[in-house]
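Visitor: Each residue of the sequence shown is one higher than the one before, starting from 22 at the first, in the working numbering. Below is a structure I'd like to ask you about.
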Amino acid sequence: MKIPIIGGIFQNLAVARFCRVLGTLLHNGVPILRSLEISSWAAGNKVLAGAITAAAENISAGQSLAKPLEASGYFPSEVVEMIAVAEESNTLETVLTNVAESLEKRTFRRLELFVRLLEPMMLLILASVVLCVVIALLMPVLKMSTTM
22 MKIPIIGGIF QNLAVARFCR VLGTLLHNGV PILRSLEISS WAAGNKVLAG AITAAAENIS
82 AGQSLAKPLE ASGYFPSEVV EMIAVAEESN TLETVLTNVA ESLEKRTFRR LELFVRLLEP
142 MMLLILASVV LCVVIALLMP VLKMSTTM
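What follows is the structure in structure tokens.
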């Protein structure tokens, strides 16, 4: 998750999975503590699962979901703010589904941009390797011509 470009993509995808699973479970009537337990497994990230488990402990103590998620630092601030507003307005399941969709769209755009930039970078690396091979082949010929 700390890798500069790829880490953010993996983190956003894991948060989107968490939001989608939690929203779907809440929409279908599963209790929130059981939903948090299931969605922590579904996130696919052990660090996020630990933060979600801590949030579940706070909910069982009667506190909100948004505060421990924000304290963990692994969830984007706009996601935490939307969760806080959804908790107050009692529309958590629909907001979580919408957050998941927007995160997935943003992440897929970022991933597409990364792939588009990766192709020219690989082309430059391959061209530099070919240049080194050509120079390595021509150096003995040039040295031989100067010694004659």
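Each residue gets a CB set at the ideal place from its N, CA and C atoms; glycine is no exception.
Applying the criterion that 16 or more other CB atoms from any shown protein chain within 10 Å of the CB defines a buried residue, is Asn33 buried or exposed?
Guide: On the sequence shown, position 12 is the one that residue 33 refers to. Buried, by the Cβ-count rule.
Visitor: Along the chain, where does the alpha helix (DSSP H) containing Asn119 start, and where does it finish?
Guide: Position 98 of the sequence shown, counting from 1, holds the residue named residue 119. Its alpha helix (DSSP H) spans residues 113-168.
Visitor: Any idea what DSSP makes of Val51, helix, strand or coil?
Guide: For the purposes of this step, residue 51 is taken as the residue at position 30 of the sequence shown. Residue state, collapsed to three classes: coil.
Visitor: Taking the straight line between their C-alpha atoms, what separation do you get for Ser56 and Met142?
Guide: Locating residue 56 in the sequence shown gives position 35, counting from the first residue. Locating residue 142 in the sequence shown gives position 121, counting from the first residue. Ser56 and Met142: Cα-Cα distance of roughly 43 Å.
Visitor: Check Asn66 in the structure and name its three-state DSSP category.
Guide: Position 45 of the sequence shown, counted from the start, is the residue given in the question as residue 66. Of the three classes helix, strand and coil, the one that applies to Asn66 here is coil, per DSSP.
Visitor: Spatial neighbours of Arg137 within its chain, please: CB distance less than 8 Å, with the 5 preceding and 5 following residues excluded, ordered by chain position.
Guide: Indexing the sequence shown from 1 puts residue 137 at position 116. Here the set comprises nothing.
Visitor: For a test of the three-state rule: what should DSSP assign to Phe39, helix, strand or coil?
Guide: One-based indexing of the sequence shown puts residue 39 at position 18. Helix at Phe39.
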